[in-house]
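Enquirer:
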Amino acid sequence: MSQKKPEKLIDENDVRLDGRKLDEMRPIKIEVGVLGNADGSAYIEQGKNKILAAVYGPREVHPKHLALPDRAVLRCRYHMAPFSVEERKSPAPSRRELELSKVIRECLEPSIFTEYYPRTSIDLFIEVLQADGGTRCAGITVASVALADAGIPMRDLVSACAAGKVEGRLVLDLTDVEDKAGEADMPLAYMPSANAITLLQMDGMLTGEEFEQVVNLALEGCKQAGQIQKEALRAKYVVVKETEAEKEEAEAGEE
Amino acid sequence: MASRVRQKRVAQLITHGKRLDGRGLTDYREVQVEAGLIERAEGSARVRLGKTEVLVGVKFEMGEPFPDTPNEGVLTVNAELVPLASPTFEPGPPDENSVELARVVDRGIRESKAIATEELCIEPGKKVFVVFVDVYVLNHDGNLIDASCLAALAALLNTKMFNYEVKEGEVKIKPGYKPLPIRNYPVAVTFAKFNDKLVVDPWLEEEQVMDARLTMTVEKDGKICAIQKGGYGYFTAEQVFEASKIAQQKAEEQRKLVVKE
Amino acid sequence: MPVFYERRQLVTPGDLLAENDYFAGENTHKENNRIYATRVGLVNYEDKRVYVVALKSFYVPMVGDTVIGKVVEVTLGGWVLDIRAPYLAMLRASDALERPFKPQKDDLPSLFDVGDMLIAKIVAYDRTRDPLLTVLERGLGKITRGQLIEITPTKIPRVIGKQGSMISMLKQETGCQIIIGQNGRILISGKSPEDERLAVMAIRKIEQEAHTSGLTDRVTEMLKKEKGEKEVVKNVTEET
Numbered sequence: 000m001s002q003k004k005p006e007k008l009i010d011e012n013d014v015r016l017d018g019r020k021l022d023e024m025r026p027i028k029i030e031v032g033v034l035g036n037a038d039g040s041a042y043i044e045q046g047k048n049k050i051l052a053a054v055y056g057p058r059e060v061h062p063k064h065l066a067l068p069d070r071a072v073l074r075c076r077y078h079m080a081p082f083s084v085e086e087r088k089s090p091a092p093s094r095r096e097l098e099l100s101k102v103i104r105e106c107l108e109p110s111i112f113t114e115y116y117p118r119t120s121i122d123l124f125i126e127v128l129q130a131d132g133g134t135r136c137a138g139i140t141v142a143s144v145a146l147a148d149a150g151i152p153m154r155d156l157v158s159a160c161a162a163g164k165v166e167g168r169l170v171l172d173l174t175d176v177e178d179k180a181g182e183a184d185m186p187l188a189y190m191p192s193a194n195a196i197t198l199l200q201m202d203g204m205l206t207g208e209e210f211e212q213v214v215n216l217a218l219e220g221c222k223q224a225g226q227i228q229k230e231a232l233r234a235k236y237v238v239v240k241e242t243e244a245e246k247e248e249a250e251a252g253e254e
Numbered sequence: 000m001a002s003r004v005r006q007k008r009v010a011q012l013i014t015h016g017k018r019l020d021g022r023g024l025t026d027y028r029e030v031q032v033e034a035g036l037i038e039r040a041e042g043s044a045r046v047r048l049g050k051t052e053v054l055v056g057v058k059f060e061m062g063e064p065f066p067d068t069p070n071e072g073v074l075t076v077n078a079e080l081v082p083l084a085s086p087t088f089e090p091g092p093p094d095e096n097s098v099e100l101a102r103v104v105d106r107g108i109r110e111s112k113a114i115a116t117e118e119l120c121i122e123p124g125k126k127v128f129v130v131f132v133d134v135y136v137l138n139h140d141g142n143l144i145d146a147s148c149l150a151a152l153a154a155l156l157n158t159k160m161f162n163y164e165v166k167e168g169e170v171k172i173k174p175g176y177k178p179l180p181i182r183n184y185p186v187a188v189t190f191a192k193f194n195d196k197l198v199v200d201p202w203l204e205e206e207q208v209m210d211a212r213l214t215m216t217v218e219k220d221g222k223i224c225a226i227q228k229g230g231y232g233y234f235t236a237e238q239v240f241e242a243s244k245i246a247q248q249k250a251e252e253q254r255k256l257v258v259k260e
Numbered sequence: 000m001p002v003f004y005e006r007r008q009l010v011t012p013g014d015l016l017a018e019n020d021y022f023a024g025e026n027t028h029k030e031n032n033r034i035y036a037t038r039v040g041l042v043n044y045e046d047k048r049v050y051v052v053a054l055k056s057f058y059v060p061m062v063g064d065t066v067i068g069k070v071v072e073v074t075l076g077g078w079v080l081d082i083r084a085p086y087l088a089m090l091r092a093s094d095a096l097e098r099p100f101k102p103q104k105d106d107l108p109s110l111f112d113v114g115d116m117l118i119a120k121i122v123a124y125d126r127t128r129d130p131l132l133t134v135l136e137r138g139l140g141k142i143t144r145g146q147l148i149e150i151t152p153t154k155i156p157r158v159i160g161k162q163g164s165m166i167s168m169l170k171q172e173t174g175c176q177i178i179i180g181q182n183g184r185i186l187i188s189g190k191s192p193e194d195e196r197l198a199v200m201a202i203r204k205i206e207q208e209a210h211t212s213g214l215t216d217r218v219t220e221m222l223k224k225e226k227g228e229k230e231v232v233k234n235v236t237e238e239t
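Chains A, B and C, in that order, are what the protein sequence lines are. Residue 69 in numbering that gives the first Met the number 0 sits at position 70 of the first sequence, and the numbers go up by one each step. Residue 183 in numbering that gives the first Met the number 0 sits at position 184 of the second sequence, and the numbers go up by one each step. Residue 15 in numbering that gives the first Met the number 0 sits at position 16 of the third sequence, and the numbers go up by one each step.
Put into structure tokens, the structure is as follows:
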């Protein structure tokens with residue numbers, strides 16, 4: 000059972016199949032603290048992507064020989080559920096998942112103060128429940144929020160977004176069908192306070208000029224994702240503050 | 000693993016624009032390419048990049064095409080970090096490093112459409128040639144990616160397919176060979192970052208001290224067809240753009256070592 | 000001297016809090032003369048110090064702290080405890096027995112077994128090894144009665160209050176014995192389950208509203224109200 004490939008991905012008015020403009024991101028929704036057992040957790044929906052991230056740690060490392068004497072070791076597992084894609088995917092880790100686990104780990108580690116917790120491990124789990132292109136970026140975005148939710152001290156949040164080229168036009172945040180049929184897809188992750196690109200990959204074909212434009216487009220996307228991450232973290236705690244403000248007002252009224 | 004003192008020296012020199020082995024910041028180590036040394040393989044090549052040594056073998060099999068590309072041959076790239084290549088390589092199933100290496104080499108070949116896969120179709124929708132590119136790392140002295148990509152390219156250029164005809168649904172081998180149709184020549188250029196300095200073709204000791212690495216694969220017309228950032232550090236956007244320009248230039252130089260016009 | 004937030008504003012990791020002449024306090028990090036938040040929390044500026052009261056963090060052991068830990072393993076020479084920290088804590092037999100430890104004679108599990116909760120003190124801790132505990136001081140040892148609750152460790156100072164004002168009030172109003180572990184575990188031991196329930200309620204309220212002012216008065220009020228209501232109910236039932 001496979002999808003029929005659409006005729007055109009972008010029409011003559013530069014409107015994409017899902018109605019977006021070329022430089023428009025899919026709507027993002029992030030919820031914080033969704034899992035009871037994990038030390039930190041978050042859930043993201045970006046277009047049709049549905050991804051869960053959970054953090055355990057810092058905690059003792061098992062097996063012990065993996066511990067580092069001067070800092071915490073970050074371990075990351077990016078995994079796709081068998082039902083997350085059009086054709087059922089075997090639950091066994093694929094080579095792609097192995098590569099993505101590595102690049103995601105290398106992408107988030109610079110943001111964490113691992114040196115504060117020697118001989119421990121911080122375990123990060125990213126589960127893709129439903130996939131529609133750009134899962135590693137959405138996974139990084141939600142994982143960063145989960146790390147903050149766990150109370151792990153961080154230099155900054157890491158935000159990620161992909162940009163690329165589809166039917167000759169440079170676009171932001173490609174869906175699965177745009178990635179498969181397009182000319183280039185470039186996932187990028189950014190840590191604003193250090194002006195740091197911590198993840199950068201590309202497959203496809205871009206001239207030098209196109210490449211620069213696509214990087215700048217992706218950075219724009221990262222900025223937008225960053226705003227939503229911050230709002231999500233604030234939203235979890237603002238409720239507490241509001242109830243207090245209401246109470247104080249009510250008490251003032253009674254006097 | 001190099002001593003602390005030596006590691007410091009390596010990093011210090013680079014901040015002053017020099018390297019321990021005397022190279023300029025954008026110089027490659029000496030390259031030696033030897034093709035066709037494994038006769039049993041359909042194609043093979045060995046590349047020595049400084050002391051890093053990689054052997055690539057290409058083999059053919061017949062198999063089914065992928066459903067979304069019914070008339071095209073299939074490319075599979077695998078990499079093995081053989082234990083004899085380094086005290087840090089352990090025997091066992093492919094780990095994340097060998098998987099990453101294989102996928103980066105694969106990306107360069109696949110995205111540049113280096114192999115004319117439409118010419119590998121035996122029976123549309125049913126039977127195609129599967130090209131196995133096996134990367135075998137023999138000695139690890141840094142920058143396995145560039146050495147492996149170069150060796151893979153040389154091996155593919157060296158690859159010969161047997162002539163055949165299809166009779167009554169069966170593939171019959173005919174005498175003679177023809178070269179594997181190659182249409183592009185992707186070359187990977189890897190950078191190591193040390194604070195604000197970028198260095199091309201890091202060797203092992205530089206890799207142990209670098210902040211991060213960035214690989215850009217460039218095809219014959221100067222377009223970038225694959226990028227992979229690795230390591231725990233980061234790059235600024237300016238450094239990424241600087242790297243892309245240097246990569247295009249160095250790729251052209253390196254390509255000449257393998258592709259004889 | 001630029002600061003970028005107002006007091007008590009909610010900040011997230013990476014937010015730029017101040018520049019130049021400020022000192023980096025708790026949950027902040029200074030880089031190139033700029034101070035950034037490292038955790039989600041409420042920012043505060045005090046003189047030249049900027050710090051963040053984290054809304055969520057975990058306990059990091061400190062020498063001298065009283066902690067409440069759970070025995071997870073009995074070893075040849077002592078016990079291993081879970082103290083709700085990134086590291087497990089060790090209690091050597093010599094720090095639990097008042098006389099020298101005799102491995103053939105002393106049966107460690109009979110003293111403390113897996114699952115037991117202990118009140119202990121951290122006597123040693125540094126980056127190279129796990130925290131070391133002792134139970135040899137007064138008030139330390141195995142917990143045999145009472146209720147244990149867990150709160151996020153950052154709120155513990157609030158439960159204690161300025162110069163112990165909050166905790167003395169709690170003890171007085173509820174008549175319970177309350178032992179506070181710096182690692183976020185609190186032991187409540189009262190004359191009746193009712194009294195203990197009041198104490199738990201009060202502590203939960205403190206945890207929720209730790210960042211507000213006038214909390215001590217509000218908690219006192221709440222407790223008095225709860226007890227008052229119960230008095231009324233008691234009288235009513237007696238009359239009928």
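No residue lacks a Cβ here, since even glycine has one placed at the ideal position from N, Cα and C.
Taking any Cβ of chain A, which residues in the segment 217 to 242 of chain B have a Cβ under 8 Å from it, in chain order?
Expert: From the segment 217 to 242 of chain B, only E218, G221, K222, I223, C224, A225, I226, Q227, K228, G229, G230, Y231, G232, Y233, F234, T235, A236, V239 and F240 have a Cβ closer than 8 Å to chain A.
Enquirer: Starting from Q253/B, find everything on chain A with Cβ-Cβ shorter than 7 Å and list it in chain order.
Expert: Neighbours of Q253/B on chain A: none; closest Cβ ~17 Å, over 7 Å.
Enquirer: Express the C-alpha separation of G227/C and M0/C in angstroms, rounding to a whole number.
Expert: At M0/C the pLDDT is 49, less than 50, meaning the model places this residue with poor confidence; the figure from the coordinates comes in the next sentence. Using only the alpha carbons, I get a separation of about 52 Å.
Enquirer: Write down every uninterrupted run of the beta strand (DSSP E) in the segment 150 to 174 of chain A whose length is 3 residues or greater and which is fully enclosed by it, in chain order.
Expert: Counting only runs of 3 or more, we get 158 to 165 and 168 to 171.
Enquirer: Which residues does DSSP pair with T140/A in a beta bridge?
Expert: T140/A is not bridged to any residue.
Enquirer: Examine chain C for any beta-carbon lying closer than 9 Å to the beta-carbon of V141/A, and answer yes or no.
Expert: So, not an interface residue.
Enquirer: Would you decide whether Y163/B is buried or exposed? Buried here means 16 or more other CB atoms lie within 10 Å of its CB.
Expert: By the 10 Å Cβ count, Y163/B comes out exposed.
Enquirer: Please give me, in chain order, every unbroken run of the alpha helix (DSSP H) with length at least 4 that falls completely inside the segment 29 to 112 of chain B.
Expert: Fully enclosed alpha helix (DSSP H) runs of 4 or longer: 95 to 110.
Enquirer: Against chain A, which members of the segment 50 to 67 of chain C pass a CB distance test of less than 9 Å?
Expert: If the cut-off is 9 Å between Cβ atoms, the segment 50 to 67 of chain C has A53, L54, K55, S56, F57 and V59 near chain A.
Enquirer: Do you know offhand how far A145/A's Cα is from G189/C's?
Expert: One C-alpha to the other measures close to 39 Å.
Enquirer: For a contact defined as C-beta to C-beta under 8 Å, what are the partners of N26/C on chain A?
Expert: Those are P152, listed as they occur along chain A.
Enquirer: Which of helix, strand or coil does DSSP assign to F111/C?
Expert: Coil, per DSSP.
Enquirer: Tell me, please, whether the CB atom of S192/A is closer than 9 Å to any CB atom in chain C?
Expert: At least one chain C Cβ lies under 9 Å of S192/A.
Enquirer: Using a Cβ-Cβ distance under 9 Å, would S2/B count as near chain A?
Expert: For S2/B, the answer is no, since every Cβ of chain A falls outside 9 Å of its Cβ.
Enquirer: Output yes if chain C places a C-beta closer than 9 Å to the C-beta of A147/A; else output no.
Expert: A147/A counts as touching chain C.
Enquirer: Any beta-carbon of chain C closer than 9 Å to the one on G56/A?
Expert: Closer than 9 Å to some Cβ of chain C, the Cβ of G56/A qualifies, so yes.
Enquirer: Check the Cβ of P109/A against every Cβ in chain B and list those closer than 7 Å, keeping chain order.
Expert: Near P109/A (Cβ distances below 7 Å), the residues of chain B are Y231, G232 and Y233.
Enquirer: Here's the rule: buried if 16 or more other CB atoms are within 10 angstroms of the residue's CB, otherwise exposed. What is F161/B?
Expert: Classification for F161/B: exposed.
Enquirer: Tell me which residue opens and which closes the alpha helix (DSSP H) that E14/B is part of.
Expert: Residue identity check: residue 14/B is Thr in the sequence provided, not Glu. Where T14/B is concerned, the enclosing alpha helix (DSSP H) stretches over R3 to T14.
Enquirer: With V72/A as the anchor, note down where its beta strand (DSSP E) starts and where it stops.
Expert: Start and end: V72 to M79.
Enquirer: Assign Q162/C to one of two classes, buried (16 or more other C-beta atoms within 10 Å of its C-beta) or exposed (fewer than that).
Expert: Result: exposed.
Enquirer: Could you give the distance in angstroms between the alpha-carbon of N142/B and the alpha-carbon of V165/B?
Expert: Taking the straight line joining both Cα atoms gives about 43 Å.
Enquirer: Of all the options P152/A, P186/A and I121/A, which has the alpha carbon lying nearest to the alpha carbon of T140/A?
Expert: Minimum Cα distance to T140/A is reached at P186/A.
Enquirer: Please decide whether L132/C counts as near chain A, where near means a Cβ-Cβ distance under 9 Å.
Expert: Judged by the 9 Å Cβ criterion, L132/C is not in contact with chain A.
Enquirer: For V237/A, go through chain C and note every residue whose CB falls closer than 7 Å to its CB, in chain order.
Expert: Here the neighbours are L9.
Enquirer: Would L132/C and V122/C qualify as a contact pair, given that the criterion is a beta-carbon distance under 9 Å?
Expert: Contact flag set, yes.
Enquirer: Run through the DSSP bridge pairs and tell me what K166/B is partnered with.
Expert: Beta-bridge pairing links K166/B to E169/B.
Enquirer: Can you tell me whether Y115/A is helix, strand or coil according to DSSP?
Expert: Y115/A falls in the helix class under three-state DSSP.
Enquirer: Could you say if the segment 191 to 210 of chain B and the segment 171 to 188 of chain A meet the contact criterion of at least three C-beta pairs nearer than 8 Å?
Expert: Verdict: no, contact absent.
Enquirer: Using the beta-carbon count (16 or more within 10 Å), is E204/B buried or exposed?
Expert: Its Cβ being crowded by 16 or more others within 10 Å, E204/B is buried.
Enquirer: By Cβ distance below 6 Å, which residues in the same chain neighbour L107/C in space, the five residues on each side in sequence not counted?
Expert: The answer, listed in chain order, is V73.
Enquirer: Verify whether the separation of the beta carbon atoms of G16/B and K196/B is less than 9 Å.
Expert: Yes, Cβ-Cβ distance for G16/B and K196/B is below 9 Å.
Enquirer: Quick one: Cα of A162/A to Cα of L216/A, how far?
Expert: C-alpha separation (whole angstroms): 6 Å.
Enquirer: Go ahead and label D20/C buried or exposed: buried means 16 or more other beta carbons lie within 10 angstroms of its beta carbon, across all protein chains shown.
Expert: D20/C should be labelled exposed.
Enquirer: Would Q228/A count as contacting chain B if we go by Cβ distances under 9 Å?
Expert: Not an interface residue.
Enquirer: Are the CB atoms of V132/B and V199/B nearer to each other than 9 Å?
Expert: No, they are not a contact pair.
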